[in-house]
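Read the structure below first, then the notes.
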Amino acid sequence: MLNVNKIREDFPILDQQVYGKPLVYLDNGATTQKPRVVLETIDRLYNRENGNVHRGVHHLSTLTTENYESARDTVRKYIHAAHTHEIIFTHGTTSSINAVAFSFGEKYVHAGDEIIVSGMEHHANIVPWQMLCERKEARLKVLPVDETGDLMLDKLEDLISDKTRLLAVTQVSNVLGTINPVKEIVEIAHAHDVPVLVDGAQGIQHGKTDVQDMDCDFYVFSGHKIYGPTGVGVLYGKEKWLNEMPPYQGGGDMIKKVRFEKTIYEDLPLKFEAGTMNYIGAIGLGKAIEYLQKTGLDDAVAWEKELLDYATARLKEIPGLQIYGNSAHKISVISFLIGDIHHYDTGMILDKLGIAVRTGHHCAEPLVESYGITGTVRASFAFYNTKEEIDVLHNGLMKVVEMLG
Amino acid sequence: MSIQEIQDEIVEEFSAYDDWMDKYNYLIELGKELPPIKPQYRTEQYLIDGCSSRVWIHAELDQEGKMIITADSDAIITKGIVALLIRVFSGHTPEEIKDAELTFIDKVGLKENLSPTRANGLLSMIHQIRMYALAYYTKQQSEKKD
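Here the protein sequences come in this chain order: A and B.
Remember, this note's numbering sits 2 above the position in the first sequence when you count from 1.
Remember, this note's numbering sits 348 above the position in the second sequence when you count from 1.
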């Protein structure tokens with residue numbers, strides 16, 4: 003059983019007041035806070051151990067390279083990839099998806115081909131594919147979402163054609179919280195020889211991820227959403243694809259030999275890591291994952307489920323409150339509106355009560371607009387949140403109703 | 349009253365509130381009382397799109413050459429701030445508006461609402477008001493010459 007009060011001590015940022023009220027941080031879907039061990043690691047690296055990775059003969063460079071490669075292996079183990087060289091460090095989910103859209107697109111996508119995305123994607127898993135489609139004169143097709151917030155899986159077979167080159171789908175919806183049956187989706191796609199990219203930005207921190215079991219071809223996520231630093235992310239790709247795909251950026255570190263006549267690229271993973279990487283971010287991410295594992299991912303997930311159930315019940319007590327996303331399989335995210343009250347007004351008032359939530363379309367306009375609304379209020383919980391904080395949210399929302407209802 | 353005097357008056361009014369919820373309640377009241385924008389201006393063409401809230405704005409000159417601004421927002425607190433901006437600017441000449449310094453927002457503690465980090469349409473609304481003022485001012489100047 004998770005001792006949440008003890009865990010909160012590991013996150014120094016949580017212990018503060020905003021506008022004279024104790025901070026209640028419920029915007030974990032946007033970014034998560036960092037445990038002390040991550041902060042101390044970053045501090046130590048810059049203060050004592052900074053040297054550029056992979057290039058030096060000297061002590062600091064060697065130390066950094068060791069730490070960086072060890073972080074890569076920590077990531078591999080965490081998502082259970084078969085090989086360490088299948089883990090590419092990037093700047094985040096967005097840059098990982100763009101990398102695949104470019105490199106995979108260059109090699110395999112041609113005029114008249116099709117890419118499938120789902121109707122609940124974040125803009126980061128829509129726009130890069132649209133750009134690819136424009137470049138290659140390909141077509142983007144959309145797997146629809148039903149009323150409860152689940153993907154309409156029965157429509158998938160019909161969407162896939164012999165022109166389909168790739169399917170990109172989110173593991174978890176950042177708006178609705180829906181946990182998609184990605185393993186099943188991969189199975190259907192693979193039956194038609196269609197590779198699958200899974201956007202793990204909202205899934206990686208809320209449950210066990212096994213890329214081999216899922217059998218996805220690409221899996222991407224951001225460091226800052228799993229208690230790690232910003233500006234670092236991961237692109238996992240099956241060896242076969244990564245070997246065949248051309249690099250998307252050229253530069254230092256990704257080459258074996260550079261001649262003006264011809265350049266020979268490095269092997270994986272360096273082929274996809276041009277220039278100086280955010281190595282301190284990557285090492286910090288490794289520490290964040292280790293922290294999560296040490297705390298116990300299963301316990302964290304169980305506590306988040308308890309928070310979700312408690313919050314759902316408490317929020318339903320608010321008169322006129324409607325929840326968007328009622329899948330039976332959800333992470334600890336609740337999107338809602340209260341009657342006609344605008345999401346921004348709700349967020350403004352909660353803010354002054356010390357409660358941090360997100361409002362707006364959450365970078366998923368097509369999904370939000372499909373409900374005929376301009377946005378929602380989103381409360382997203384992490385394992386360091388408490389039931390008392392949910393009570394504060396409940397009371398805050400009652401105040402909103404009192405002022406605006 | 350000059351633009352500056354109106355701003356001072358607003359600052360004076362807000363000084364009565366030391367609690368955030370009181371300030372917001374006041375803005376909500378102002379938002380509710382704001383006369384609605386004409387339906388033909390609550391359209392895409394007059395919309396300032398923000399991720400958080402949306403603002404519609406329209407400005408025209410009256411017979412005395414003063415700018416009459418009407419605006420609306422889908423969020424009520426934003427609308428309250430919109431009402432304040434209208435109170436400050438509307439009914440003044442384009443020349444006065446284009447040169448006016450906006451001071452009250454900061455003084456009443458609403459500065460963050462006008463920051464580019466808040467996609468609530470307010471900052472763009474102020475830009476839009478100044479654009480209207482500049483356009484009408486230029487038009488008035490060229491008419492004088494004719």
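For each residue, glycine too, the CB sits at the ideal point set by N, CA and C.
So, is residue i buried or exposed, given that buried needs 16 or more other C-beta atoms within 10 angstroms?
i	result
A:Phe262	exposed
A:Gly407	exposed
A:Glu11	exposed
A:Ala191	buried
A:Ser382	buried
A:Glu123	buried
A:Ala113	exposed
A:Val59	exposed
A:Val236	buried
A:Gly283	buried
A:Met279	buried
A:Lys289	buried
A:His87	buried
B:Lys493	exposed
A:Arg360	buried
A:Met154	exposed
A:Glu275	buried
B:Thr391	exposed
A:His61	exposed
A:Glu71	buried
A:Lys440	Outside the displayed span of chain A (3 to 407) sits residue 440 of chain A, for which this structure offers no information.
Span of the beta strand (DSSP E) holding residue i?
i	result
A:Gln324	323-326
A:Ala170	166-172
A:Thr265	265-267
B:Ile424	Unbroken run through B:Ile424 is the alpha helix (DSSP H), 424-437; no beta strand (DSSP E).
A:Ala191	That residue, A:Ala191, is in no beta strand (DSSP E); its alpha helix (DSSP H) goes 184-193.
A:Lys259	257-260
Can you name the start and end residues of the alpha helix (DSSP H) that residue i belongs to?
i	result
A:Gly362	Where A:Gly362 is concerned, there is no enclosing alpha helix (DSSP H), although the beta strand (DSSP E) it sits in stretches over 360-362.
A:Ala284	281-297
A:Ala103	95-110
A:Asp45	38-46
A:Ser224	Element bounds for A:Ser224: not the alpha helix (DSSP H) but the beta strand (DSSP E), 220-224.
A:Glu404	389-406
B:Met415	That residue, B:Met415, is in no alpha helix (DSSP H); its beta strand (DSSP E) goes 415-421.
Among the residues of its own chain, which have a CB less than 7 Å from the CB of residue i, if the five just before and after it don't count?
i	result
A:Asp486	Since the first residue of chain A shown is 3 and the last is 407, residue 486 of chain A is not available in this structure.
B:Val456	Ile358, Val359, Phe362
A:Lys258	Ile266, Tyr267, Glu268
A:Asp347	Leu406
A:His56	Thr67, Asp255
A:Ala84	Gln214
Might you give, ordered along the chain, the residues of its own chain that have their beta carbon closer than 6 Å to the beta carbon of residue i, omitting 5 neighbours on each side?
i	result
B:Leu378	Gly428, Ala431
A:Tyr80	Ile291
A:Tyr27	Ala358
A:Tyr293	Pro37, Val39
A:Phe106	Met247
A:Pro130	Ile99, Asn100, Ala103
A:Ile2	In the structure as shown, chain A begins at 3 and stops at 407. Residue 2 of chain A is therefore absent and cannot be evaluated.
For residue i, which residues of its own chain have a beta-carbon under 8 Å away from its beta-carbon, when the five flanking residues on both sides are left out?
i	result
B:Ser490	none
B:Ile434	Leu382, Ile417, Thr418, Ala419
A:Ala298	The amino acid at residue 298 of chain A is misidentified as Ala; the sequence shows Gly. Within the same chain, A:Gly298 has close Cβ partners Leu4.
A:Val196	Ile118, Ile162, Thr166, Arg167, Leu168, Leu169
A:Leu16	Arg10, Leu25, Tyr27, Gln35, Tyr386
A:Phe13	Gln35, Lys36, Pro37, Arg38, Tyr386
A:Gly349	Val359, Arg360, Thr361, Val379
A:Asn54	Ser63, Thr66, Thr278, Tyr281
State the CB to CB distance for the pair residue i and residue j, rounded to an integer number of angstroms; the pair is presumed to be in contact (CB under 8 Å).
i	j	result
A:Ile117	A:Cys135	6 Å
B:Ser401	B:Ala419	About 12 Å; that fails the 8 Å criterion.
A:His194	A:Ser334	About 34 Å separates the two Cβ atoms, so there is no contact after all.
A:Phe338	A:Leu317	6 Å
A:Val198	A:Val171	7 Å
B:Ala364	B:Tyr480	Wrong, their Cβ atoms sit about 32 Å apart, outside the cutoff.
A:Ile340	A:Leu399	7 Å
A:Ile285	A:Thr95	Not quite, the Cβ-Cβ distance comes to about 19 Å (not below 8 Å), so this is no contact.
Under 8 Å from any heavy atom of the ligand SAH, does the C-beta of residue i make it?
i	result
A:Ala32	Only the bare structure without any ligand can be found here, which leaves the ligand SAH out of the picture.
The stretch 334-368 of chain A: positions lying closer than 7 Å to chain B by Cβ: His344, Tyr346, Asp347, Met350, Ile351, Lys354, Thr361, Gly362, His363
Under 7 Å (Cβ pairs) to chain A, residues found in the stretch 403-435 of chain B: Asp422, Ala423, Ile424, Ile425, Thr426
Members of the stretch 361-382 of chain B that neighbour chain A once the beta carbon cut-off is set at 8 Å: From the stretch 361-382 of chain B, only Trp368, Met369, Tyr372, Asn373, Ile376 have a Cβ closer than 8 Å to chain A.
Short-range partners of chain B found in the stretch 7-31 of chain A, where Cβ spacing is below 8 Å: Tyr21
The stretch 294-325 of chain A: positions lying closer than 9 Å to chain B by Cβ: none
Interfacial residues, the stretch 163-177 of chain A to chain B, with Cβ spacing under 8 Å: Cβ contacts with chain B: none found.
Contact residues within the stretch 370-395 of chain A, judged by C-beta distance below 8 Å to chain B: Within the stretch 370-395 of chain A, the qualifying residues are Thr376, Gly377.
Interfacial residues, the stretch 116-134 of chain A to chain B, with Cβ spacing under 8 Å: none
Contacting positions in the stretch 204-222 of chain A - beta carbon closer than 8 Å to chain B: none
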